[in-house]
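All remarks here apply to the structure that follows.
In the UniProt record's numbering, the protein residues as written are 1 to 267.
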């Protein structure tokens, strides 16, 4: 009797799996891709983390984020809806919907923007954002890439059919696994450091009082993430002509560099 696997005997064909890792051809990409950076702040409400502020910034290669006005950072605050909506949870849901709708509208007009980064999206922020999309099933649909309880990517589509990709959300921490403040000090020190927020006041009853401080803190985090990703993108592009936007994790980035520049399958 043959020692081949049953499926091979039945098909009468050899496996098509390669017996080695192929080299990676140089990508015919002439410039780096723009991207979006975002962040969320949440507060405890009935023992559940509920978002109370969210924002994003469009980042283009070559930009000087230190001189870019903070007005380019779009922010949304749950308390902005308190005149029309009295329930905090509904205020938060409305805020997240406004955020999603704005992102969807922008990427529809500017098709080069397809990737949105949150720092630590694979755990904390990813749960909050996914929950927001679940509430909009029908208007939007999504697919997740999960592994070992981590969300590597969230792909967002218009409507129920997963044909027209609006944007993908990824975790910048999976590419640059370090604290945001440490990364900023190393890669873009002129943008300053993270701000501070009295977390003992990050509670529902204090939100009207600390609103402006919270939004300033959020904007600085977003600016720092933009600067960190922009500098990292520049470094890898200049050294290897690889755009970090085309990879999801640091390990996949390293493998792409190896296969493109250092690996010879014939040796």
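Note that the Cβ used here is the ideal one computed from N, Cα and C, for glycine as well.
Only counting the same chain, and skipping five residues up and downstream in sequence, which positions put a Cβ closer than 7 Å to that of residue 93?
Only 135 meet the Cβ criterion.
Starting from residue 130, trace the alpha helix (DSSP H) in both directions and tell me its first and last residue.
Start and end: 126-134.
Straight-line Cα distance separating residue 210 from residue 30:
Rounded to whole angstroms, residue 30 to residue 210 spans 45 Å at the Cα level.
Which residues in the same chain have their Cβ closer than 7 Å to the Cβ of residue 257, if we skip the five residues on either side of it in sequence?
Cβ neighbours of residue 257 beyond the five flanking positions: 240 and 242.
Determine the direct distance from the alpha carbon of residue 141 to that of residue 5, and round the result to whole angstroms.
For residue 5, the predicted model reports a pLDDT of 42, less than 50, meaning its position is unreliable; a value from the coordinates is still stated below. Near 39 Å, if we compare the C-alpha coordinates of residue 141 and residue 5.
Give a yes or no on contact between the segment 113-122 and the segment 149-169, applying the rule of three or more CB pairs nearer than 8 Å.
A contact exists between the segment 113-122 and the segment 149-169.
Bridge partners - residue 41, DSSP secondary structure assignment
DSSP output for residue 41 lists 53 as bridge partner(s).
From the DSSP output, in three-state form, read off residue 250 for me.
Residue state for residue 250 is assigned as helix, using DSSP reduced to three classes.
Can you grab the Cα-Cα spacing for the pair residue 154 / residue 107, in whole Å?
When rounded, the distance between both Cα atoms is 15 Å.
Give the range of the beta strand (DSSP E) segment to which residue 118 is assigned.
That run of the beta strand (DSSP E) goes 115-118.
Buried/exposed call for residue 50, threshold 16 Cβ in 10 Å
So residue 50 ends up on the buried side.
The segment 225-234 in contact with the segment 184-201 per 3-pair CB rule at 8 Å
Counting Cβ pairs under 8 Å, three or more are found: they touch.
Sub-8 Å separation of residue 38 and residue 52 beta-carbons:
No.
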